[in-house]
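Notes follow the structure.
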Amino acid sequence: MVETPRPRRTFRRPSVIPGFGISFGYTLTCLGLIVLLPLAGLVVKASGLGLSGIWEVATDPRVASALRISFGVSAVAALVASVFGFLVAWVLTRYRFPGRKLVDAAVDLPFALPTAVAGIALASLYAPDGLLGAPLARLGIQAAYTPVGIFIAMVFIGLPFAVRTVQPLIAEIDREIEEASATLGATRRVTLTRVVLPPLIPAVLTGFALAFARGVGEYGSIIFIAGNLPYVSEIAPLLIVIKLSEFDYGGAAAIATIMLGISFLTLLAINLIQAWSRRRFGYV
Amino acid sequence: MSEIFSPAFVPSAKPAPVASEGAGTRAVLIGIAVTFLALFLVLPLIAVFTQAFSKGIAAFLDAFREPDAWSAIRLTLTVAAIAVPFNVVFGLAASWAIAKFEFPGKSLLITLIDLPFSVSPVVSGMIYVLLFGSQGLFGSWLIDHGVQILFALPGIVLATVFVTFPFVARELIPLMQEQGTAEEEAALTLGASGLHAFRTVTLPNIRWGLLYSVLLCNARAMGEFGAVSVVSGHIRGLTNTIPLHVEILYNEYNFVAAFAVASLLAALALITLVLKSVLEWRFAGELAGGRAH
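Sequence order for the protein chains is A and B. If you're matching positions, the first sequence starts at 19 in the working numbering and goes up one per residue. If you're matching positions, the second sequence starts at 11 in the working numbering and goes up one per residue.
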């Protein structure tokens, strides 16, 4: 006769499945040692500088211009990636054409291709004598070694985020709603702008935010095409690397903190828009 | 009017659905999307291979006669051989704890596991410099005890583990959550030990999802540049991984060699994409979220 244990309050809900203690403990240990402790080190270093110290770094002209370039160019690139990403997602889910699956697989190329490889490939394509750089130069646009090059690299790495966040939602749209709209006399344009697009806007915004955040932090695919001219085409992550190589850990930590802060505020804004959309329309 | 009555005019079997665009608009949109992807995504990939072979096969092979290239390849394989299995074990443990049990704070835990994805690669490397660098928190202790972490294998492995940390867990957690605990409970009631149930019930259920995540994790581990670049110290023949070796060759204007070595990584990316697509097409139902395309 086994004595039935008295029910007691436990951290986890009781279950017959074994192994919670060891798997949970191992998870927390790895997470703590590899992710949380090192990130805490950054927080400690940044708080050691204090707000005035961080402000001092942020207002340094070279740092300020690098931050402006990183965030400004990334915003434009994420916008372009969102527009074309939406178009690509729409075409891939709505239309059937030969080679569609191949095109769909190609969207993930920037996820799979190492950033340094993408970087040197983009640099050679858009160099003034490159395959795409030469025709652009004839049009009077110098792509490589200018912010235009940074923009191109950021569109490259941001595109899959824009496509993959919108794609599943387009696939889920109930076609009958569109048919109803058409039957009620709406033109296709009205159906698209009034019925199809509004529910997709939050997903497009999420894709924009992901592409934007990725672009701001990106390093490998940008530094080869950017030319890295201070005040012109120098990005914030490169400035972190430069500060670290000069053993200016405080300066590097300050730039990283500012970058994380602005990225956090952007994501917060997007989340607020989504929360508003959920209240207003009843969906995300 | 005449063409309507000509025999060439065959009314299409299916009337154009009202819930779609006209054939002309469709063709234009497909054209724009495909051209855009070809220019922005596919052309860079082709450029890697054309540049690598631009001076012929002999010049391509010359890039691999250098001992530094081989030491970079060896280092990259070593780092992946440590980082990927580590993340597999972590991913299995984390998904087991999170998917099979109910406890408070679960979504916070998932968010924390995802954290490395939202950190810039450069910052991912920097946090280890802040800890283990000569001016870092543990820097002087490490120097006193003769332990080398930064600018050596341990630092490179740590940075790689950090950037690939969420890959396996974030694929397996939703997959295991979809599958629930009924099958494991049945196995346990029938007398299987916990480990036996895991090996014969859980593992076969998640094998394609696990393979999928290992593919992506490995591609990132071998190709990581920013984080590794910060912690490696760029010591030729010692702490250069393949991507760092590519950078050095490129900055020395040794373009053919740079692209030749880069073509190894591009080939790895292609293989990864092909296998990933095959998994998505054949085993969509056995991947997280039923990734059907």
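Don't be surprised by glycine CBs; every beta carbon is placed ideally from N, CA and C. Just so we're clear, the structure is a prediction, and the values are computed from it rather than from any experiment.
Check                                                                                                                 : Outcome
DSSP state of A:GLN2 mapped onto helix, strand, coil                                                                  : Outside the shown range of chain A (19 to 302) lies residue 2 of chain A, about which nothing can therefore be said.
Length-filtered (4 minimum) alpha helix (DSSP H) runs lying within the segment 146-207 of chain A                     : 151-156, 165-190 and 193-201
Alpha carbon of B:GLN145 to alpha carbon of A:LEU54, nearest angstrom                                                 : 20 Å
Residue from B:GLU31, B:GLY236, B:ARG292 and B:LEU87 with nearest C-alpha to A:TYR113                                 : B:GLU31
Beta-carbon neighbours of A:GLY37, restricted to chain D and to distances below 7 Å                                   : Of the chains in the structure shown, none is chain D; the protein chains are A and B.
Exposure label - A:GLY117; buried when at least 16 CB within 10 Å                                                     : exposed
From B:LEU39, B:LEU275 and B:ALA104, residue whose alpha carbon lies closest to that of B:GLN187                      : B:ALA104
A:ILE72 at chain B interface by Cβ criterion, 7 Å                                                                     : no
Proximal chain B residues relative to A:PHE226, where beta-carbon distance stays under 7 Å                            : Correct list: empty, because the minimum Cβ distance to chain B is about 15 Å.
Nonlocal neighbours in the same chain, by C-beta distance under 7 Å from A:PHE129, ignoring five residues either side : PRO178
Test: B:GLY236 CB closer than 7 Å to a CB of chain A                                                                  : yes
Rounded distance between the beta-carbons of A:ILE240 and A:ILE260, thought under 8 Å                                 : Their Cβ separation, rounded to whole angstroms, is 14 Å, which puts A:ILE260 and A:ILE240 out of contact at 8 Å.
B:THR121 - containing alpha helix (DSSP H), residue span                                                              : 116-124
is_contact[A:PRO41, chain B] using C-beta, thresh 7 Å                                                                 : According to the sequence as given, residue 41 of chain A is Ser; it is not Pro. For A:SER41, the answer is yes, since a Cβ of chain B falls inside 7 Å of its Cβ.
A:SER307 classed as buried or exposed, judged by whether at least 16 other C-beta atoms fall within 10 angstroms      : The structure shown does not extend to residue 307 of chain A, since chain A spans only 19 to 302, so no value can be given for it.
Beta carbon proximity, B:SER287 to chain A, threshold 7 Å                                                             : yes
Test: A:PHE169 CB closer than 7 Å to a CB of chain B                                                                  : no
Backbone secondary structure at A:ILE258 - three-state DSSP                                                           : helix
Collapsed DSSP secondary structure at B:PRO21 in the structure displayed                                              : Caution is warranted here: a pLDDT of 46 is assigned to B:PRO21, below 50, making its placement in the model unreliable, and the coordinate value is therefore given only provisionally. In this structure, B:PRO21 counts as coil in the three-state DSSP scheme.
Min CB distance B:MET186 to chain A below 7 Å                                                                         : no
B:PRO164 (DSSP reduced to helix, strand or coil)                                                                      : helix
A:ILE276 versus A:PRO165 - alpha carbon distance                                                                      : 21 Å
Sub-7 Å separation of B:LEU280 and A:ALA123 beta-carbons                                                              : no
heavy atom of the ligand SAM below 6 Å from A:ALA244 C-beta                                                           : Questions concerning the ligand SAM fall outside what the structure shown contains, since it holds no ligand whatsoever.
Integer-rounded CB distance, given that B:ALA298 should sit under 8 Å from B:GLY304                                   : The shown model of chain B, from 11 to 303, leaves out residue 304 of chain B, and the question about it has no answer.
The alpha helix (DSSP H) enclosing B:ILE245, as first and last residue numbers                                        : B:ILE245 -> no alpha helix (DSSP H), and no H or E assigned at all.
The segment 114-132 of chain B in contact with the segment 220-240 of chain A per 3-pair CB rule at 8 Å               : yes
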